[in-house]
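In my numbering, the protein residues as written are 1064 to 1341.
We treat Cβ as the ideally placed atom computed from N, Cα and C, and that holds for glycine.
Right, one structure below, let's go through it.
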Amino acid sequence: MSNTTTTANGTARRGNLGQRVAYACGNLGQSAFYNALSTYFVVYVTSSLFAGVDKGVATKLIGIITGLVVVIRIAEIFIDPLLGNIIDNTTTKWGRFRPWQFLAGAISSVLIVLVYTGLFGLVNVNTTWFIVLFVITFIVLDVFYSLRDISYWGMIPALSSDSHERSTYTALGSFTGSIGYNGITVVVIPIVTYFSWVFTGELAESQSGWTCFGIIVGLLGLLTAWTVAFGTKENESALRSKAQKNGNPIEAFKAIFQNDQLLWVALSYLLYAIANVA
């Protein structure tokens, strides 16, 4: 299959197959990571994290953590533009986006393993310190995941100035993302059950099983983020230069409020996001 695309002025441009594959791999791990961070994180919290804790205390802690997840997901609607502005104003020899794939990919991968260990059983030692440190860890984890996610999709214009090639990157990322997100649903129970049996001798969910699941997701997230960081190359273009002049998030929010049609679209997305999180 040819990788050749044609630009608007009729000149031929050959797509970089290796870069396409590297970019596509990124969302495979990223989407699996998100599913583990959202859906199965809540399953873990409600089923195994507080297995050895007094039922009344466990109920309160579960309420705090699940409430935290809801608050963070809604806050992301307003925080993500700020994170996007930080990324877009990043200037390194690696470019704007690849450094965040490297750094945010590494930090978020380490932290997701940490939360799936239950902070190494701290809840059984001191519940107050546990909830304080757990909340801080989860917030930092979510911020660095968002930095990875925003830099991943934001880097497409920096990879190619050709509209067809950019569409190819978007399609590949969406395709591998669906595989990663749904794939984690297929393997989570076998992984947790198997490693629970290895460490406890019982075919049931346990802390050890979920910890191993967190390690696997963390490694997948790290490897795929670094595949993007080392397997792609950013190119400055007129499109990126124009984007750089678009202003800061405050100006973006002002533009939304001054545009009636855009305001209704933003409001509908806000209500959708709140309903989805709830």
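Keeping to the same chain, check which residues put their C-beta closer than 6 Å to that of residue 1336; ignore five residues upstream and five downstream.
On the sequence shown, position 273 is the one that residue 1336 refers to. The answer, listed in chain order, is 1140.
In the DSSP assignment, find the alpha helix (DSSP H) that holds residue 1230 and state where it starts and stops.
In the sequence shown, the residue the question calls residue 1230 occupies position 167. Residue 1230: member of the alpha helix (DSSP H) spanning 1226-1263, first to last residue.
Determine the extent of the alpha helix (DSSP H) in which residue 1085 is found, giving its start and end residues.
The residue given as residue 1085 occupies position 22 in the sequence shown. Here the alpha helix (DSSP H) through residue 1085 covers 1080-1100.
Proximity of residue 1130 and residue 1286 at Cβ, strictly below 9 Å:
As a first step, residue 1130 must be located in the sequence shown, where it is residue number 67. As a first step, residue 1286 must be located in the sequence shown, where it is residue number 223. It is not a contact, given that the beta carbons lie outside the stated cut-off.
Quick check on residue 1139: does DSSP put it in helix, strand or coil?
Counted from its first residue, the sequence shown places residue 1139 at position 76. DSSP, reduced to helix, strand and coil, places residue 1139 within a helical segment of the structure shown.
Thinking C-beta only, is residue 1167 closer than 9 Å to residue 1104?
Here the question's residue 1104 lines up with position 41 in the sequence shown. Here the question's residue 1167 lines up with position 104 in the sequence shown. No, the pair does not count as a contact, with Cβ atoms beyond the cut-off.
Would you kindly work out how many angstroms separate the C-alpha atoms of residue 1117 and residue 1295, rounded to a whole number?
As a first step, residue 1117 must be located in the sequence shown, where it is residue number 54. As a first step, residue 1295 must be located in the sequence shown, where it is residue number 232. Counting only the Cα atoms, residue 1295 lies some 50 Å from residue 1117.
Which value, in whole angstroms, describes the spacing of the CA atoms of residue 1115 and residue 1171?
Numbered from its first residue, the sequence shown carries residue 1115 at position 52. Numbered from its first residue, the sequence shown carries residue 1171 at position 108. Straight-line measurement puts the Cα of residue 1171 at about 27 Å from the Cα of residue 1115.
Which same chain residues end up closer than 7 Å to residue 1111 when comparing Cβ atoms and leaving out the 5 residues on each side of it in sequence?
Reading the sequence shown from its first residue, position 48 is the one you call residue 1111. By the criterion of a C-beta distance shorter than 7 Å, residue 1111 is surrounded in its chain by 1268, 1269, 1270 and 1273, once the five residues flanking it on both sides are discounted.
Report the option in 1174, 1218, 1188 and 1233 whose CA atom is closest to the CA atom of residue 1157.
Walking along the sequence shown from the start, residue 1157 turns up at place 94. That would be 1218, whose Cα lies nearest to the Cα of residue 1157.
What span of residues does the alpha helix (DSSP H) with residue 1203 cover, start to end?
Walking along the sequence shown from the start, residue 1203 turns up at place 140. Annotation for residue 1203: the continuous alpha helix (DSSP H) segment containing it runs 1190-1217.
Neighbourhood of residue 1182 by C-beta distance below 8 Å, restricted to the same chain and skipping five residues each side:
For the purposes of this step, residue 1182 is taken as the residue at position 119 of the sequence shown. Hits under 8 Å: 1193, 1196, 1197 and 1200.
Just to confirm my understanding: we take residue 1202, look at its own chain, exclude 5 residues before and 5 after, and list those with CB closer than 7 Å. What are they?
Locating residue 1202 in the sequence shown gives position 139, where the first residue counts as 1. Within the same chain, residue 1202 has close Cβ partners 1135.
Residue burial classification, residue 1220 (beta-carbon count within 10 angstroms, cutoff 16)
Mapped onto the sequence shown, residue 1220 falls at position 157. Residue 1220 comes out buried.
For residue 1124, is the classification buried or exposed, using 16 other Cβ atoms within 10 angstroms of its Cβ as the cut-off for buried?
Numbered from its first residue, the sequence shown carries residue 1124 at position 61. Classification of residue 1124: buried, given that the 10 Å Cβ count is 16 or more.
Below 8 Å, how does it come out for the stretch 1223-1243 and the stretch 1080-1096: are there three or more Cβ pairs, yes or no?
The answer is yes - the stretch 1080-1096 touches the stretch 1223-1243, with three or more Cβ pairs under 8 Å.
Under a three-way DSSP split, which group does residue 1157 fall into?
Here residue 1157 corresponds to residue number 94 of the sequence shown, with the count starting at 1. The DSSP-derived three-state label of residue 1157 is coil.
I'd like the list of long-range same chain contacts for residue 1265, defined as Cβ closer than 8 Å, with 5 residues on each side in sequence excluded.
Translated into the one-based positions of the sequence shown, residue 1265 becomes position 202. Cβ contact annotation for residue 1265 (same chain, cutoff 8 Å, sequence separation greater than five): 1259, in chain order.
Where do the ends of the alpha helix (DSSP H) carrying residue 1180 lie?
As a position in the sequence shown, residue 1180 is number 117, starting the count at 1. Counting along the chain, residue 1180 falls outside any alpha helix (DSSP H), and DSSP gives it neither H nor E.
Starting from residue 1272, trace the alpha helix (DSSP H) both ways and give me its first and last residue.
Taking the first residue of the sequence shown as position 1, residue 1272 is located at position 209. Where residue 1272 is concerned, the enclosing alpha helix (DSSP H) stretches over 1270-1294.
Contact under 9 Å by Cβ, residue 1280 with residue 1242:
Residue numbering aside, residue 1280 sits at position 217 when the sequence shown is read from its first letter. Residue numbering aside, residue 1242 sits at position 179 when the sequence shown is read from its first letter. No, they are not a contact pair.
Report all residues from its chain with a CB closer than 6 Å to the CB of residue 1223; omit the five preceding and five following residues, and keep chain order.
Locating residue 1223 in the sequence shown gives position 160, where the first residue counts as 1. 1229, listed in sequence order.
CB-CB under 6 Å to residue 1284, same chain, minus the five flanking residues each way: which ones, in chain order?
What you label residue 1284 is simply residue 221 of the sequence shown in a count that begins at 1. Taken in chain order, the residues that qualify are 1092, 1096 and 1172.
Pairwise C-alpha distance: residue 1191 and residue 1227
Reading the sequence shown from its first residue, position 164 is the one you call residue 1227. Reading the sequence shown from its first residue, position 128 is the one you call residue 1191. Using only the alpha carbons, I get a separation of about 54 Å.
Residue 1100 beta carbon less than 9 Å from that of residue 1149
In the sequence shown, counting from the first residue as 1, residue 1149 sits at position 86. In the sequence shown, counting from the first residue as 1, residue 1100 sits at position 37. No, the pair does not count as a contact, with Cβ atoms beyond the cut-off.
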